[in-house]
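Going down the list, the protein sequences come from chains D and A. Taking the working numbering, the leading residue of the first sequence gets 1, the next gets one more, and so forth. Taking the working numbering, the leading residue of the second sequence gets 1001, the next gets one more, and so forth. In this text, a Cβ means the ideal position worked out from N, Cα and C, and glycines have one as well. So the structure is just underneath, and the comments pick up after that.
There are 2 protein chains.
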Amino acid sequence: MTKAKIQSKSGATANTKATCKVRSPCPIAKTLDLLGDKWTLLVLRDVLVFGAATYSEFAKSTERIPSNLLSDRLTRLVSEGFLEKQSYQTKPPRYKYIATTKGRAIRPIISAMKKFGDDNL
Amino acid sequence: MTKAKIQSKSGATANTKATCKVRSPCPIAKTLDLLGDKWTLLVLRDVLVFGAATYSEFAKSTERIPSNLLSDRLTRLVSEGFLEKQSYQTKPPRYKYIATTKGRAIRPIISAMKKFGDDNL
DNA sequence: GCCACTAACTTGCAATAATAAAGTTACTAC
DNA sequence: GTAGTAACTTTATTATTGCAAGTTAGTGGC
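Below you can see the structure in the form of C-alpha cells.
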C-alpha cells in the first residue's frame, strides 16, 4: 500500500439533496420533487430510450453530465426505486443499472417530452 | 416623490439563467433545458390545471414559490412563448398570464406526470 | 391629506446545488 | 512495470435557490 488511505466507502459528496421533503400532496409536485432537474430524466432517457446501462455509457451521452452528478443521480435513482444496480462481473468490478417497474413507468413522461420537443423546439 | 429613486425598470435580479444554451439536439434534452427545474412546470400546472392567471394566484399555490422565482419564471415563460402577459386593468395596474398554443402543448407532459404520481407516489 | 391595505414585483444575502478538473481504486493487457 | 479502462470521489469555484424585507402604484376609509 503506497498511500494508506482506506477511507469510508459511504462518503457522500456535495450533491446529496434532501429527497424526503414533500412540498405538497399534488401528484405533479411530488413527481417534480423526484425528477424535476436537468439531469435525472436524461439518465432515465439513456436507460429507457438509448439502452444505456453502465456508468461509462451514461457518461458518454451527448449532454456530458459531470461525473459527480452522474454518481449522485444514479445513487438517488437506485435509492428511490427507479433503477437497480447489478454487479455483472467482480474481477474487474463492473456494474450495470437496469430500470425497475417504477422506472419504466416514467416512459410516458419521456414520450410526452419527446413529442413536445419535436413539435415545438 | 419622497425617495427619489427612479431606477431602471429592466434591472434583472439574480435569477436570469442563460436560456440560450443548447446541450444537445435531443428533443427530450431541449425540453428539459426549458422546463427542467422544480418550479417552471408547477407554474404551468397552475395555469393549465388550476386556472391560475394572476401573480397573486400563483403565489397562493400550495407549494409557496418564492416571489423572486415566480417573477423570474413568469418572465421566462413569457419570453419563451409559453405564456402571454395581458394587462386587464390600468387603474390599479393589473396583469394576467394566459397560456399560448405552445403553452397548452405541454399539457400531455403534465398529464403524464399526474398519472405517474397517482400510480407510483 | 393621512393611514391601512392589496397586487405585482425587486433587492440583498446566506445556503444549497452545479460545474470543471483532478485524483483514487481495482483491475487487465502488453 | 507501464499504459489503459471503468467506476467513482474530492476539491474548488461559480451559479441558483430560498427567505425576508423593501418598492411602486393604486384604492377605500376617516
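Query                                                                                                                                         : Result
Cutoff 8 Å: residue 1068 of chain A Cβ touching any chain D Cβ                                                                                : no
Closer than 8 Å at the beta carbon, the chain A residues around residue 59 of chain D                                                         : In chain order: nothing, as chain A lies at least about 14 Å away.
Rounded C-alpha distance that separates residue 52 of chain D from residue 41 of chain D                                                      : 13 Å
Beta carbon of residue 22 of chain D nearer than 8 Å to that of residue 99 of chain D                                                         : no
Contacts that residue 1119 of chain A makes with chain D (C-beta to C-beta distance below 8 Å)                                                : 105
Distance CB(residue 116 of chain D)-CB(residue 1031 of chain A) smaller than 8 Å                                                              : yes
Which of helix, strand or coil DSSP assigns to residue 1096 of chain A                                                                        : strand
Close-in-space but distant-in-sequence residues of the same chain around residue 1065 of chain A (CB under 6 Å, 5 per side omitted)           : 1039
Chain-order list of residues whose beta-carbon lies under 8 Å from that of residue 1106 of chain A (same chain, five-residue window excluded) : 1035, 1041, 1044, 1048 and 1082
Cβ neighbours of residue 87 of chain D in the same chain (closer than 6 Å, five flanking residues each side left out)                         : 95
Residue range of the unbroken alpha helix (DSSP H) whose run includes residue 1030 of chain A                                                 : 1027-1035
Sequence-distant residues of its chain with Cβ nearer than 6 Å to residue 1077 of chain A (five each side left out)                           : 1083
Any chain D beta carbon closer than 8 Å to residue 1100 of chain A                                                                            : no
Within chain D, the residues that residue 1024 of chain A reaches when beta carbons sit closer than 8 Å                                       : 62 and 63
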